[in-house]
Structures are given as C-alpha cells and as structure tokens.
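**Q** If you're matching them up, the sequences are chains U and F in order.
So our numbering is basically just the index in the first sequence, starting at one, shifted up by 1365.
So our numbering is basically just the index in the second sequence, starting at one, shifted up by 1365.
Take a look at this one; I'll ask things after.
Protein chains: 2
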Amino acid sequence: MKTDIEIAQGIALQPIANIAAALGIPAPALIPYGHYKAKVQYTEIDEAKVAQSKLILVTAITPTKAGIGKTTVGVALAQGLQQLGKKAIVALREPSLGPCFGMKGGACGGGYAQVVPMEDINLHFTGDFHAITSANNMIAALLDNYQYQHRGTELALKQITWRRVLDVNDRSLRFIVSGLNGPGNGIPQETGFDITPASEIMAIFCLASSLDDLRRRIDNILLGYTHHNQPFTVADLGVGGAITVLLKDALNPNLVQTLEAGPAFIHGGPFANIAHGCNSIMATKMAMTYGDYVITEAGFGADLGAEKFLNIKCRQAGIYPKASVLVATSQALKLHGNVTLADIKKPNLKGLQAGLKNLERHLENLQHFGQSVVVTFNQYSFDTAEEMDYTAQWCREKGADFALNNGFAEGGRGALPLAEKVVEVIEKRPSQPIRHTYALEDSIPEKIHKVVTQIYRGKEVVFSKTAETALKKIETLGLAHLPVCIAKTQYSFSDDAAHIGVASDFTLNIENVIINRGAGFIVAVAGEIMRMPGLPKDPQALHIDVVDGKVVGLS
Amino acid sequence: MKTDIEIAQGIALQPIANIAAALGIPAPALIPYGHYKAKVQYTEIDEAKVAQSKLILVTAITPTKAGIGKTTVGVALAQGLQQLGKKAIVALREPSLGPCFGMKGGACGGGYAQVVPMEDINLHFTGDFHAITSANNMIAALLDNYQYQHRGTELALKQITWRRVLDVNDRSLRFIVSGLNGPGNGIPQETGFDITPASEIMAIFCLASSLDDLRRRIDNILLGYTHHNQPFTVADLGVGGAITVLLKDALNPNLVQTLEAGPAFIHGGPFANIAHGCNSIMATKMAMTYGDYVITEAGFGADLGAEKFLNIKCRQAGIYPKASVLVATSQALKLHGNVTLADIKKPNLKGLQAGLKNLERHLENLQHFGQSVVVTFNQYSFDTAEEMDYTAQWCREKGADFALNNGFAEGGRGALPLAEKVVEVIEKRPSQPIRHTYALEDSIPEKIHKVVTQIYRGKEVVFSKTAETALKKIETLGLAHLPVCIAKTQYSFSDDAAHIGVASDFTLNIENVIINRGAGFIVAVAGEIMRMPGLPKDPQALHIDVVDGKVVGLS
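Here you go:
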C-alpha cells in the first residue's frame, strides 16, 4: 500500500493556470505561486452566482483521536461529482505546521482523495499562516511598546488580554514571563503563545467579507483595558492600517487541485473549539462563484463544527447548505458502542449497533437545523458488508439517506454512490433555510443555554465566577448581540472527553468567556481547552526528510 | 518631492517572466510568485559562468544612524551599467519586517534607484524570512520537547544555547522565562527571542552552496551540551531532514527588477554584526551566472561589512570583487569631522575635510585587501560642488578613483559617471585576489587580533572570562579552523559607538564568543550587541495603511 505522499507524488499535476482557465477565472485575477498553486483575487466573488450554487456541508459523528476523515470524504465527493460531469469545487481549511511536524499530520485528505501539491499545502503553502502569525505578533509588539513608552503614566493599560502566536507545537511557550532583565527590556508580564489557528486574527481572516471589512474587524479587536477600565482596541493603538497591510495578499483564496485535477480552494484554518473551525467565507464564496456544487467541511463532530458553521459562518455569510453529509467510520461507531480502542478495527456488528446512538443524535441535530442529511462511511478495508448494510438500513428508518464511499481507496470512482445520492437529495428534497439554535437577540447566557440543551443535550450550564464577570463586561460593552462559539472537547457531547457515546442531562461548566470583538463572536470556554499543543515522544519531524529532492514523511 | 513608495508605484513593472527571459533563464527554472516576483532554481548556477563574471562590492564609510545609502548606490550603479549597455545585475539582501514597521524602514534603495515591487519585497516577499523563522522555532520546540520527554534522566541536556526568533522589533521578548505553570507545560527556563536576521539559520541559509550543504550545516548546529558536557546538535536531535524541508523552497534566489526594468536578485538578510551581513551566496552566484557585472553589498561600514564579505563569504564561495565602490555621504564625513548632528546637512567644507580621515582608513583597508576602489558620493541636494570637487581631488591623491553619483534623484542616468569609472577600473586595473586578514589556520584569538589591529586599528584585544571559557571549548571541539565574525558597533572602528571619526590604539573587549557551527564561523561579541531591536515612540506602523487599494507609509 502506498503512503499518501507517495500517491500524491505519483500523479502528474495540471498547471494551475489550466485549472483556473477551465473554471473561467480571468487570467489577470490569477496570482500564481509556483506552477501549481495560485491565489484568486477576492474581488472576483459574484454574489449572484453564489446564490445559484449548491453548497454541501461535510460534517461527522463524534471523532476518535485519529479523526473521522471528513477531508478525505469531501475531496472524494468532489472527485465523484466531477466524474458525474458536475462542476464541483471543494473548499477546505489550510493545515497548520504544528500538527504536521507533531502527531496529527497534515490536512489534505488521504489515499486517492487528496488535494495537491500536498507537500506545499502542508508546509508554507502561499504564506497565509505566516502573514497571520506576523500580524498577530506585530500587534503584540506594538502593544507592549505602547505600554513601555507610556509606563508610569495614566495612558498605560491596566490589563492586556492579547497573546502571541506561533504555528508550531511548543508547550514551553504556553505560559511565559516576558519583559525581564531590567528597564530597557520592556515591562515584566505574565503572558504566552497560542498556536496560529487559535489567533483571533485567523478567525477574523476567515469571516472577513472584503479588505474594508477585514480592516474594520482588526480595528475592533479588544486588546485590554485602560486605567479607567475602558476597552482598548487596535483602533486605539492606531495600527489597524499596518496590520491590514500585512494581511492584504493573504486574503485572496488559494486555488489548487484534487488528485483528479478538479479545482479546490484552500484558505484559512481556525481551530474548531476556540474558533469556528471552517475555511474562509471568501474561499467558500469564491468556490460558489465558479462551481455548481461546492463541498466544504467544518471541524470536529457536528456538535462543534456544523453548529458553528450554521449558527456563525452561514448566518453571517447569508448562505446555507442544500445538503449535509454526515461522515461515520465503523471504528468511531464501535468506540461509541463501548468497544475497547484496541478492538475497533475488528468486525463487530453489535458494537457498531450500540454506537449508532451517537450517529443518531448528530443526525437529529442536523435535521433540526433543517438539513437534508446523507450519511456516509469513510470506508476502511476491514469494514464488513454486514456492518455497512445494517447502517444503511438503520439510516433509512431514521429518515436519512445513506451512501457508500470508498474514496480513500478508489478516488472519485469510490465516491460515485455518494455523489449520486447527494445530487438526488439536492434535486428532490434539499435542505430548508437554517433554523438557527438561537437568535442574535438572545442574551449570551441564553444562547449558550440553547446550544447546550438543544445540541449537546445537557441539562444546565454553570458559569464560573470569572465567566460571570466577563458576561457582565459583555453587557456593559454592548456586545451581547454577538453569536457564541463554545470551546468544548471534540470527543464528547459533554465537557468530559471520557464521556463518549451520548452524554445526556449533564451540567456544562463554562470556565471563562472571551470577547473576540474583531471576529465578532463570544467564546465560551468549557473546561480546559488546549490553545498550544505539545509534541509527542516521537514527533513526526523525526521522520520528515528530503530524499533525492523529494519530501518524505508528510501525511 | 515624491516619496520612495510613490515613485515605485508610479512606474509600470515588466512581467518577471520577461525579465527572466531576457537573461536567458530557462522557463522551467522560473517559479513565479505573482507576476512580478519569481524564484529561480538554484541548480541553474553555473560555476564556469560565475568565474567569468565581474563582481563589484558596494561598501561604505562608517555610517550615521540614518545609514549611508549603499543599496541606493548599488541599484543606481546597476541601472547606470545597463544604460551603458552592460549586462548588469544587482544582488541584495532581503529587508526585515521589524525595522520596516519600526524606525529604519525597508531596504529596497530609494528615490529613482529602487528594486520593485518594493511593497512586496518589504513585506512578506516570497516568504523566505518566514521559512527561516519557522525552521528556527521548530528546532526550539523539538529541543524543548526532547528536554521535556527526557526530564529527570541522563539524556536531558545540561545547557541549551538555542534561542527563538521572530521577524519583529519586540523588546519584551529579549529575556523571558518559558515553561511556566507547572509540569505538563515544559520545563522552566531562562531564554528569549532574537530578530530573524540574527538567527543562525539565516547565516546558514546565506552561506549554503546546495540543498545537501544546507542539510549538512543544519545538522551541525550546536544546540547545547549534554549531561557529560558533550556538544548536542540538530543531528543528535534527529531533525535535520525536517528542518531542511522547511527551507528547501526558500533556498532558491528571488528575482525582481529595478525601477529601470533591470534584473535584481534579492535573497537572505543576515545581520552585519552577529552575522556576516551579505545576501546569499546563491543569489550572488546566480547573478554571476547571468550577468557580466554583478553589484552586491555588505552591511554597515567596510570595517564590518567588507571585512566579513571578503574574509568569510568570498573565501568560502571562491569569488572576489574586481572592484569595490566605497560610498560616502557629505553628512557622514561631516559627522566624523565633528560637525554636530544638527548641522551636517549644511555646507561645511572644513567639517568635511576633517572627516575624510574616516574615509581614508576604510580606503586603506580595502586597498590592503587588494581591492581597486572607486569612491563615490550618495549625493544629496544640499551637497556643494566645492565639497565634491575637494573629495574627488583628495581621492586621486590617495590613489583611488572617484566618481559622482546622483542615482537617488536621477536613477541610472545619475550613476553614469560612476558606472563608467567602475567599468574602466575593472578593465584597466582590476582588484587582486583577496589578501585575507588572517589565515584559517590561525587560532581564534589570533584571527580576532589581526582584524582588530589591522582593520579596526586597535592595539589589543581583551577577552572576558566567559569568552576565555568559550575559546577553550572551541579548541576542545576542534573548531578553531573556522573564520571569525566580530559583532561590534557599526558607528565606530572601536567598540564604543560614541567614538566616531577614527578611533586608534584602543582596547577591544570581547565579552562573549559564540559558536555558530552550522554557519561555520565563530562570533566574537564586542560590547552590547542588540539582537532584538525595540520599537520607537512613533513606530512607522502608525503611518502604514492601505488607501484605495495601495499601500502607503512604507519606505
């Protein structure tokens, strides 16, 4: 069996100019980055065409630590739709360097369903993450300089809430004291670094609708509080223009291709807990401008990813998916059916049946949003016909469609049944406009309560004292109209990662509430959420190399 | 008077593919980054052509805080040579984002002698600095992870010498304590960040002769010492391959153009104190492959820049300049003639005459290296004919050529006298092969002593206890054969920045000696050398913006 990178390197790529020309992208709007990557000027987005395009959300049941394979399914579905003669484009998130060199690996799909050139996409790509890192840290340096230049005066801030970021897994940087070694070297301060996908700049970048909107959001970022407890923003610091300049090129979506030479837009990559977990609105709308079918994904399981996609991203962008694909794996189902981790790759119909309750709840949630759902398997070689048949039958009984998908092993051909089913569903019984879980007019605690009770199915929300204080501040600042982004473990409906299957009637503890005024949402943090991962004992970096001019060890 | 950025934006650029085609660069070797920037595969370097090309070094007298304008002169000279019908290419360093958003500004030249697109070059360009930052910090994360995974065992290191970098002016990061907040978040440690141009990766990048050589140098980087005082390198950490992968694309030199549509290679940008201060060897050799005349520069005054260029870079690369251009300004000469800073823009022949001693010493030093020298003025509107005539006459008496240069105001046309003179010198009396200041076989203290006495004209070198210890370690490690890179203030021949003009018979104090085993040189630090600048009260970031889609405020 070939590795992902061997498969990717074994296929001759089309020049990106050809991919763009086939879509009808005007040549002057195409900004090449090498021969196989390009940016497309965001001004090419055409809202009239966006309104005509059929958006498809790929989401998943509660994942295992290895993930479910949404990206693989999304790419396979795009390849399958193209094999059916449809103008289909996939829109995905950009990978982060941290996990690539750590444990999780890249984010280009797998097997015969990948976006390429996968080495480039998984490494520096077109520099978007670097631009975001620079912008984030330039704000930090300018802010600390402001403090330094105004030290001892009333202009100095009382509290700084802005942190720095790096796109690397570096646990040593989570908590630091900066500004040491005496006067002249800044002001001592407890602070730290998050990973770049956790930067508010990343969230802003992915929600911005234009360069002006990007600027407005950057100016709005809350950096801390003055001596008189007033909010202090990037606009107050006076550097919104400079930070926008650092992001202006990155803002244009990136065009690459699938292994079957279909178009793919890969742009932005925010975390799916602390942020909303979807590629940029610009990439989605650019894909919708040029594609009749646009496949996109949202991070983690549907409780986190789809909820935020529908309540935050789609609400803001004024779009909604005509169908949702809910991805399951036999392994995850068995895990939720209490099969031990060591045994989840073995045939076990009973274990799988017991785990269907997790799938059922995600299905109900999506249907409650108004989504027409097609359940699919991200197939593995050890899946049995019995298991798949049972799941298919079970889905039909629940009013959902089911289609097989063997895209990893077979590429688009393996996803043809899924592609056909999705086309049929969109034609015959497309989703309804989104029934949002909460109204923007609801108070922040109400919004959180509605997500917790209706989506997670907990019975109550308890706010810590810190969170209560923050909630009051939000009222004072007049920001209660913002949507909420709940940062919770991806492994359970509850805030307890060990509680797999379907947690119910639990209490969700909100430890902290963070104001992302630039991004335009309020983050409610349930439990300990890692914003800077660490490296494992055997990091992938030990296996990455250049051999005969080719990169090895990326996955 | 138009600003630099207004001039740059007012000129229609040639597609970079045209610039490359005119040079004879094969199309498949050209990797576009947008329409006006490209990388050229380093494998196109042809040593036979390099040997035929005429290299010209642009260096300077001891600068003022505003600099001397070597880049402006270098670009103007290239433009002038092109107007003479010569195939001339300029090879320069890449700017750092820190100073661009701080005080010093960009590094693309000025007036009508600039490389363009200056906004792109001054911002993210083709991502080289970001790749270097990533590589540096990935090593730091992997190293701290090694310490963390082996904590409490004999495998844990006793001392870590590697620091992190960011391409930003951020004084608060100079001295930090990382790994705080208890077990699970790394091991508490005193450390800090330098600016990216001060990274050893940057020096390595600029001295590497191939991808394999890059890999070898990265593997050689000394990161710290084991429990048994043995050196611990990137090879010991096992991540040389992964770090090389992060740099492999960046390694290809960047092609852009001058304001007069001539070719320019801009690649790498190491500090000129803590490192050797020149663009990459690859860029110089790429320019020499395609150009009959190649103009390059070395950071700060000739005591720092030219010395390192000749003793480190040229020695390693096996090249030498056929002529050196020594740049002076009337302002700097007057400053060295003890005219007060406030008055250096006013006509003052006597002040200028008194400052010629600084020019004289740099001239002598260059001639001692075997260089044929053309002295030039980076002309300003307030320079008087009397001042320039006097300097010209003075130069002739010292056996050096002199030519006027008004490239800032007039572009290549203003540099025609200089270009003609340089061509004449190279034809009639080219430089001799380099007479190096020291032999590689000399001990490290001998090498330092020779530079200090012969170039700086001090009388002795005193090593601190820390430096003495490091010198012993160098002997033990068998690294005494490496060249030395002295990190000293750029404002004086001595280690005292206030001592302008010509310091003599001083004692130079070496506070510390740093082993850059990957770069392949030993850094001797004289006095306090800033490796992470701070921001001023009124940082340039406050004036940078996007207005009607155009960047303003970069210089």
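A virtual CB, placed ideally from N, CA and C, is assigned to each residue, including glycine.
Quantities reported herein were computed from a predicted structural model and do not represent experimental measurements.
(1) Report all residues from its chain with a CB closer than 7 Å to the CB of F/ASP1358; omit the five preceding and five following residues, and keep chain order.
(2) Closest Cβ-Cβ distance between F/THR1609 and chain U: below 8 Å?
(3) Rounding to the nearest angstrom, what Cα-Cα distance links U/TYR2000 and U/ALA1719 in this structure?
(4) How many Å lie between F/LEU1420 and U/CYS1643 at the Cα?
(5) Measuring only between beta-carbons, confirm whether U/ALA1443 sits less than 8 Å from chain F.
(6) From the DSSP output, in three-state form, read off F/GLN1613 for me.
(7) Return the bridge partner residues of F/VAL1604 from the DSSP annotation.
(8) Please give me, in chain order, every unbroken run of the beta strand (DSSP E) with length at least 3 that falls completely inside the stretch 1512 to 1569 of chain U.
(9) With a threshold of 8 Å on Cβ separation, who are the neighbours of F/VAL1599 within its own chain once the five nearest residues in sequence on each side are excluded?
(10) Against chain F, does U/ASP1532 count as a neighbour if the rule is that its beta carbon must be under 8 Å from one of theirs?
(11) So, does the CB of F/ARG1539 fall closer than 8 Å to a CB anywhere in chain U?
(12) Could you pull out every residue in the same chain whose Cβ sits closer than 6 Å to the Cβ of U/TYR1957, ignoring the five residues on either side in sequence?
(13) Measure the alpha-carbon distance for F/ASP1532 versus U/LEU1728 and round it to whole angstroms.
(14) Give the interface partners of F/ALA1373 over in chain U, defined as CB-CB distance under 8 Å, in chain order.
(15) Per DSSP, what are the beta-bridge partners of F/PRO1596 in this structure?
(16) How is U/ASN1877 classed by DSSP in three states: helix, strand or coil?
(17) Kindly say whether F/GLY1492, judged by its beta-carbon, lies nearer than 8 Å to any beta-carbon of chain U.
(18) Would you mind reading off the limits of the beta strand (DSSP E) that contains U/CYS1850?
(19) Of all Cβ atoms in chain F, is any one closer than 8 Å to the Cβ of U/LYS1613?
(20) Once you ignore the five residues that flank U/GLY1666 on each side, which residues in its own chain have a CB closer than 7 Å to its CB?
(21) Unbroken alpha helix (DSSP H) runs of length 4 or more, entirely within the stretch 1373 to 1425 of chain F: which are they?
(22) Tell me which residue opens and which closes the alpha helix (DSSP H) that F/ASN1487 is part of.
(23) Chain F partners of U/LYS1902, CB-CB under 9 Å?
(24) Any idea what DSSP makes of F/CYS1473, helix, strand or coil?
(25) Select from the stretch 1727 to 1745 of chain F all residues with a C-beta closer than 8 Å to any C-beta belonging to chain U, and list them in chain order.
(26) Give a yes or no on contact between the stretch 1842 to 1849 of chain F and the stretch 1876 to 1895 of chain F, applying the rule of three or more CB pairs nearer than 8 Å.
(27) Helix or strand or just coil, what does DSSP make of U/ASP1860?
(28) With 16 other CB atoms within 10 Å as the buried threshold, where does U/PRO1635 fall?
(29) If I'm right that F/ASN1881 touches F/ALA1568 with Cβ under 8 Å, what's the distance once you round it to whole angstroms?
(30) Select from U/VAL1816, U/TYR1590, U/GLU1555 the residue whose C-alpha is nearest the C-alpha of U/LYS1824.
(31) Taking beta-carbon pairs under 7 Å, can you tell me which members of the stretch 1458 to 1479 of chain U lie near chain F?
(32) So, under 8 Å CB-CB, U/ASN1723 and U/VAL1610 are touching, yes? Tell me the CB distance rounded to an integer number of Å.
(33) Does DSSP put F/LEU1457 in a helix, a strand or coil?
(34) State yes or no: is the beta carbon of F/ASN1638 nearer than 8 Å to at least one beta carbon in chain U?
(35) At the 8 Å Cβ level, is F/GLY1399 part of the contact set with chain U, yes or no?
(36) For U/HIS1489, which residues in chain F fall below 9 Å Cβ to Cβ?
**A** The short version:
(1) Past the boundaries of the shown model lies residue 1358 of chain F; chain F is included only from 1366 to 1920, so the question cannot be answered.
(2) Taking the first residue of the second sequence as 1, we reach residue 1609 of chain F at position 244. Yes - at least one Cβ of chain U is within 8 Å of the one on F/THR1609.
(3) Lying before the first or after the last residue shown, residue 2000 of chain U is absent from chain U, which here runs from 1366 to 1920.
(4) As a working mapping, residue 1420 of chain F is identified with position 55 in the second sequence. As a working mapping, residue 1643 of chain U is identified with position 278 in the first sequence. Each residue's CA atom was taken as its position, placing F/LEU1420 and U/CYS1643 some 51 Å apart.
(5) The residue labelled residue 1443 of chain U in the question sits at position 78 within the first sequence. Interface criterion not met: the Cβ of U/ALA1443 is under 8 Å from no Cβ in chain F.
(6) Stepping through the second sequence from its first residue, residue 1613 of chain F is reached at position 248. The sequence given here has Lys at residue 1613 of chain F, not Gln. Correct three-state label for F/LYS1613: coil.
(7) Stepping through the second sequence from its first residue, residue 1604 of chain F is reached at position 239. According to DSSP, which records beta bridges pairwise, F/VAL1604 is partnered with nothing at all.
(8) Complete beta strand (DSSP E) runs here, min 3: 1529 to 1531, 1541 to 1543, 1554 to 1556, 1558 to 1560.
(9) Your numbering for residue 1599 of chain F matches position 234 in the second sequence. Cβ neighbours of F/VAL1599 beyond the five flanking positions: ILE1504, ILE1583, ASP1584, ASN1585, ILE1586, LEU1588, GLY1605, ILE1608, GLY1883.
(10) Looking up residue 1532 of chain U in the first sequence gives position 167. Yes - at least one Cβ of chain F is within 8 Å of the one on U/ASP1532.
(11) Your numbering for residue 1539 of chain F matches position 174 in the second sequence. Yes, contact with chain U.
(12) As shown, chain U starts at 1366 and ends at 1920. That puts residue 1957 of chain U outside it, with no answer to give.
(13) Position 167 of the second sequence, counted from the start, is the residue given in the question as residue 1532 of chain F. Position 363 of the first sequence, counted from the start, is the residue given in the question as residue 1728 of chain U. The straight-line gap from Cα to Cα measures roughly 47 Å.
(14) Here the question's residue 1373 of chain F lines up with position 8 in the second sequence. Chain U residues near F/ALA1373: none, gap ~15 Å exceeds 8 Å.
(15) Sequence index remark: in the second sequence, residue 1596 of chain F carries index 231 (1-based). Beta-bridge pairing by DSSP links F/PRO1596 to F/TYR1590.
(16) Taking the first sequence and counting its residues from 1, one reaches residue 1877 of chain U at position 512. The three-state secondary structure of U/ASN1877, taken from DSSP, is strand.
(17) One-based indexing of the second sequence puts residue 1492 of chain F at position 127. Judged by the 8 Å Cβ criterion, F/GLY1492 is in contact with chain U.
(18) As a position in the first sequence, residue 1850 of chain U is number 485, starting the count at 1. Note, U/CYS1850: beta strand (DSSP E), 1849 to 1852.
(19) Your numbering for residue 1613 of chain U matches position 248 in the first sequence. Closer than 8 Å to some Cβ of chain F, the Cβ of U/LYS1613 qualifies, so yes.
(20) By 1-based counting over the first sequence, the position of residue 1666 of chain U is 301. ALA1425, ILE1426, THR1427, PRO1428, HIS1727, GLN1855, listed in sequence order.
(21) Entirely contained in the stretch 1373 to 1425 of chain F, the alpha helix (DSSP H) runs reaching 4 residues are, in chain order, 1381 to 1388, 1412 to 1417.
(22) Taking the second sequence and counting its residues from 1, one reaches residue 1487 of chain F at position 122. Residue range 1483 to 1487 is occupied by the alpha helix (DSSP H) that includes F/ASN1487.
(23) As a working note, residue 1902 of chain U is residue 537 in the first sequence. Under the 9 Å cutoff, chain F gives ASN1510, GLN1514.
(24) Counting from 1 along the second sequence, the entry for residue 1473 of chain F is found at position 108. DSSP places F/CYS1473 in coil when its eight states are reduced to three.
(25) Near chain U, meaning a CB-to-CB distance below 8 Å, no residue of the stretch 1727 to 1745 of chain F qualifies.
(26) With a cut-off of 8 Å, the stretch 1876 to 1895 of chain F and the stretch 1842 to 1849 of chain F count as touching, because enough Cβ pairs lie within range.
(27) As a first step, residue 1860 of chain U is located in the first sequence; it is residue number 495 there, counting from the start. Assignment of U/ASP1860 by DSSP, reduced to helix, strand and coil, places it in the coil class.
(28) Within the first sequence, numbered from 1, the residue matching residue 1635 of chain U stands at position 270. Buried, since its Cβ has 16 or more Cβ neighbours within 10 Å.
(29) Position 516 of the second sequence, counted from the start, is the residue given in the question as residue 1881 of chain F. Position 203 of the second sequence, counted from the start, is the residue given in the question as residue 1568 of chain F. Contact holds; Cβ gap of about 6 Å.
(30) Counted from its first residue, the first sequence places residue 1824 of chain U at position 459. That would be U/VAL1816, whose Cα lies nearest to the Cα of U/LYS1824.
(31) Residues LEU1462, PHE1466.
(32) Here residue 1723 of chain U is taken as the residue at index 358 of the first sequence, counted from 1. Here residue 1610 of chain U is taken as the residue at index 245 of the first sequence, counted from 1. Their Cβ separation, rounded to whole angstroms, is 46 Å, which puts U/ASN1723 and U/VAL1610 out of contact at 8 Å.
(33) If you number the second sequence from 1, residue 1457 of chain F lands on position 92. Note: F/LEU1457 maps to strand in three-state DSSP.
(34) One-based indexing of the second sequence puts residue 1638 of chain F at position 273. F/ASN1638 has a beta carbon lying at 8 Å or more from every beta carbon in chain U.
(35) Stepping through the second sequence from its first residue, residue 1399 of chain F is reached at position 34. Yes, F/GLY1399 counts as interfacial toward chain U.
(36) The sequence position of residue 1489 of chain U within the first sequence is 124, counting from 1. Near U/HIS1489 (Cβ distances below 9 Å), the residues of chain F are GLY1492, HIS1495, ALA1496, SER1499, LEU1611, ASP1614, ALA1615.
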